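This report concerns only the one structure given below.
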Amino acid sequence: MSLRRVLTRIPITARATPANTRAATRLPLPQRSFATASRRTAASSSPRHEQPRRPLHIPPLPVALISVGFICLGIGLYEYLTSDIQKFPVPVRQALRKALYYQQDKDLTLALKYFNEALQLALASDELEKNGAPLTGIIIQLGSLQERMGRLPDARQTLTLALRHLLGLHDSPSVDVFSKDLSQFSPIEQKKAVGIAQKLGDITSSMKRDDEAEKWYVWSVEHLLKSSSKPKSAYGDSTELIFDQEHMPEWLTKTDIGAAMEALGGFYATRKKPELAIHLYLRALALNGMQSCQSAVLMNNLAESYASMGHFDEAKLWGQRGLDLAQNPNTGKVNKDGEICTETCGVLLFNMGMLFEVNTRSMLANRDVYPI
Numbered sequence: 001m002s003l004r005r006v007l008t009r010i011p012i013t014a015r016a017t018p019a020n021t022r023a024a025t026r027l028p029l030p031q032r033s034f035a036t037a038s039r040r041t042a043a044s045s046s047p048r049h050e051q052p053r054r055p056l057h058i059p060p061l062p063v064a065l066i067s068v069g070f071i072c073l074g075i076g077l078y079e080y081l082t083s084d085i086q087k088f089p090v091p092v093r094q095a096l097r098k099a100l101y102y103q104q105d106k107d108l109t110l111a112l113k114y115f116n117e118a119l120q121l122a123l124a125s126d127e128l129e130k131n132g133a134p135l136t137g138i139i140i141q142l143g144s145l146q147e148r149m150g151r152l153p154d155a156r157q158t159l160t161l162a163l164r165h166l167l168g169l170h171d172s173p174s175v176d177v178f179s180k181d182l183s184q185f186s187p188i189e190q191k192k193a194v195g196i197a198q199k200l201g202d203i204t205s206s207m208k209r210d211d212e213a214e215k216w217y218v219w220s221v222e223h224l225l226k227s228s229s230k231p232k233s234a235y236g237d238s239t240e241l242i243f244d245q246e247h248m249p250e251w252l253t254k255t256d257i258g259a260a261m262e263a264l265g266g267f268y269a270t271r272k273k274p275e276l277a278i279h280l281y282l283r284a285l286a287l288n289g290m291q292s293c294q295s296a297v298l299m300n301n302l303a304e305s306y307a308s309m310g311h312f313d314e315a316k317l318w319g320q321r322g323l324d325l326a327q328n329p330n331t332g333k334v335n336k337d338g339e340i341c342t343e344t345c346g347v348l349l350f351n352m353g354m355l356f357e358v359n360t361r362s363m364l365a366n367r368d369v370y371p372i
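So for the sequence shown, the UniProt record's numbering puts the first residue at 1; every next one is plus one.
Shown next, in the form of structure tokens:
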């Protein structure tokens with residue numbers, strides 16, 4: 001529509017007055033039209049299809065795996081930073097890590113090489129005490145590895161060196177280890193010294209060095225008995241080395257004393273001294289009690305010792321008691337050592353058969369000599 005046609009529709013009165021024309025053009029738009037325009041403007045400014053925002057959802061499995069990974073990493077770092085190997089100087093630490101790695105990897109030759117290297121570096125280091133636990137720990141590990149590899153002379157020399165360092169005798173080669181009083185050392189050092197002495201007894205016994213083995217066994221047993229015996233009275237009279245549980249130190253147990261006595265008894269039994277072995281076996285049995293599989297082992301040892309002396313009745317008595325104990329299903333539940341009971345039961349059955357065979361032969365021989 002043109003402008004002209006619009007003007008012709010205006011009334012005559014409006015055309016006669018120009019002011020009225022200008023006023024008519026200034027009339028406001030209807031309210032509904034303005035509201036409609038406003039709604040259109042608002043609608044055009046907002047998205048046509050607005051989707052509601054979804055909450056962020058993380059699957060629980062990845063979160064759990066990541067958390068476990070961080071926890072394991074933290075535990076590993078803590079153990080790495082607080083482990084005993086951090087007490088060593090850096091050169092010793094590196095050689096010792098290699099030795100432990102190859103020891104677990106079953107390459108014992110390389111493990112032996114790096115243990116020797118770690119020991120030499122530790123002995124030359126000024127940061128380690130010569131009688132401290134880190135240095136003696138390396139020496140004991142080396143001696144145990146040498147024994148495992150069958151190098152008994154080297155193991156004997158190494159463990160003797162460990163004991164001398166532990167007792168502070170590394171600079172006093174003329175001082176005898178057996179003359180040292182262990183009671184002046186800490187409980188941990190006493191227990192470690194007794195353990196090394198027992199191991200040296202086993203090694204020297206395997207090397208057929210009987211006199212030296214007996215010294216190691218006797219020295220360790222005497223110290224254990226002395227530690228558990230009654231103290232001297234105020235009058236200064238000495239007491240006999242008899243086990244007394246009331247005066248036993250915290251670091252010592254009846255099992256420790258019984259094991260030491262059993263080891264010494266086994267040494268005497270193999271050296272054809274059954275009377276000494278029987279005495280030690282009975283003492284160890286009194287300490288262990290009559291309810292464990294280890295007690296069945298001691299009863300079997302008693303039966304063998306009595307049989308070697310020709311006392312077959314006592315041998316059968318102890319053999320039968322050990323067999324009854326080993327065959328009891330509740331015996332293995334005491335210390336959870338049922339495998340020991342099973343093995344001991346087989347040995348006892350064989351020994352009992354041998355005893356009855358010897359007894360039968362003896363009866364037949366007596367019947368031939370003294371016929372009825």
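Yeah, the Cβ is synthetic: ideal placement off N, Cα and C, and Gly gets one too.
This one's a predicted model, so the numbers in the text were calculated from it and none came from an experiment.
- Taken atom to atom, the span from the alpha-carbon of Cys-345 to that of Pro-91 is near 52 Å.
- Distance from the CA atom of Ile-85 to the CA atom of Asp-181, rounded to whole angstroms, is 31 Å.
- Classified as exposed, Ile-71 has fewer than 16 neighbouring CB atoms from the shown chains inside 10 Å of its CB.
- Distance between Ile-278 and Ala-122, taken at the CA atoms: about 45 Å.
- In the structure shown, Gln-291 adopts coil according to DSSP, grouped into three states.
- Segment contact: the region 158 to 175 against the region 131 to 144, three or more CB-CB distances shorter than 8 Å; contact assigned.
- Take the alpha-carbon of Leu-302 and the one of Phe-350: they are about 15 Å apart.
- Comparing alpha carbon positions, the residue from Thr-342, Tyr-281, Asp-313 closest to Cys-293 is Thr-342.
- A direct Cα-Cα distance of roughly 5 Å separates Gly-201 from Trp-216.
- In the structure shown, Gly-150 adopts coil according to DSSP, grouped into three states.
- Taking the Cα of Asp-107 as reference, the smallest distance to any Cα among Lys-199, Gln-146, Pro-153 is reached at Gln-146.
- Met-261 sits in a helix when the DSSP states are folded into three classes.
- Contact check for Leu-224 and Ala-260: beta-carbon distance about 6 Å, within the 8 Å limit, so the pair qualifies.
- Excluding five sequence positions before and after Met-363, none of the CB atoms of its chain fall closer than 7 Å to its own CB.
- The continuous stretches of alpha helix (DSSP H) do not include Arg-209, and DSSP gives it neither H nor E.
- Of the residues assessed, Glu-127 falls on the exposed side of the cut-off, its CB having fewer than 16 other CB atoms within 10 angstroms.
- In this structure, the beta-carbon distance from Leu-264 to Asn-300 does not fall below 7 Å.
- The continuous alpha helix (DSSP H) containing Gln-104 extends over residues 90 to 104.
- Taking 7 Å as the cut-off, the beta carbon of Ala-133 is found no closer than this to the beta carbon of Ala-118.
- Separation of His-311 and Asp-324 (C-alpha to C-alpha, rounded to the nearest whole angstrom) is 20 Å.
- By the criterion of a C-beta distance shorter than 7 Å, Lys-192 is surrounded in its chain by Leu-166, once the five residues flanking it on both sides are discounted.
- For Leu-123, the three-state secondary structure derived from DSSP is helix.
- Around the C-beta of Arg-361, fewer than 16 other C-beta atoms lie within 10 Å, and the residue is accordingly described as exposed.
- Within the same chain, Met-299, Asn-300, Ala-303, Leu-348, Asn-351, Met-352, Leu-355 come within 8 Å of Gly-319 by CB-CB distance, once the 5 residues on both sides are set aside.
- By the criterion of a C-beta distance shorter than 7 Å, Tyr-114 is surrounded in its chain by Ala-95, Lys-98, Ala-99, Tyr-102, once the five residues flanking it on both sides are discounted.
- Between the beta-carbon of Trp-219 and that of Phe-178 there is about 5 Å, and that keeps the pair under the 8 Å contact cut.
- For His-170, the three-state secondary structure derived from DSSP is coil.
- Excluding sequence positions up to five before and after Gln-190, its CB lies within less than 6 Å of the CB of Leu-182, all in the same chain and listed in chain order.
- With 16 or more other Cβ atoms from the protein chains shown falling within 10 Å of its own Cβ, Ser-205 counts as buried.
- Annotation for Val-334: Gln-291, Ser-292, Cys-293 place their beta carbon closer than 8 Å to its own, counting only its chain and skipping 5 residues before and after.
- Within its own chain, the residues whose Cβ lies closer than 8 Å to the Cβ of Lys-272, once the five positions on either side in sequence are excluded, are Ser-308, listed in chain order.
- Here Ala-155 has Gly-143, Gln-146, Glu-147, Ile-203 as same chain residues with Cβ atoms under 6 Å from its own Cβ, once five neighbours each way along the sequence are excluded.
- Of all alpha-carbon atoms in Lys-130, Thr-158, Val-194, Ser-67, the one lying nearest the alpha-carbon of Asp-171 is that of Lys-130.
- Around the beta carbon of Thr-158, 16 or more other beta carbons lie within 10 angstroms, which makes this residue buried.
- Between Leu-252 and Ala-111, the alpha-carbon positions lie close to 33 Å from each other.
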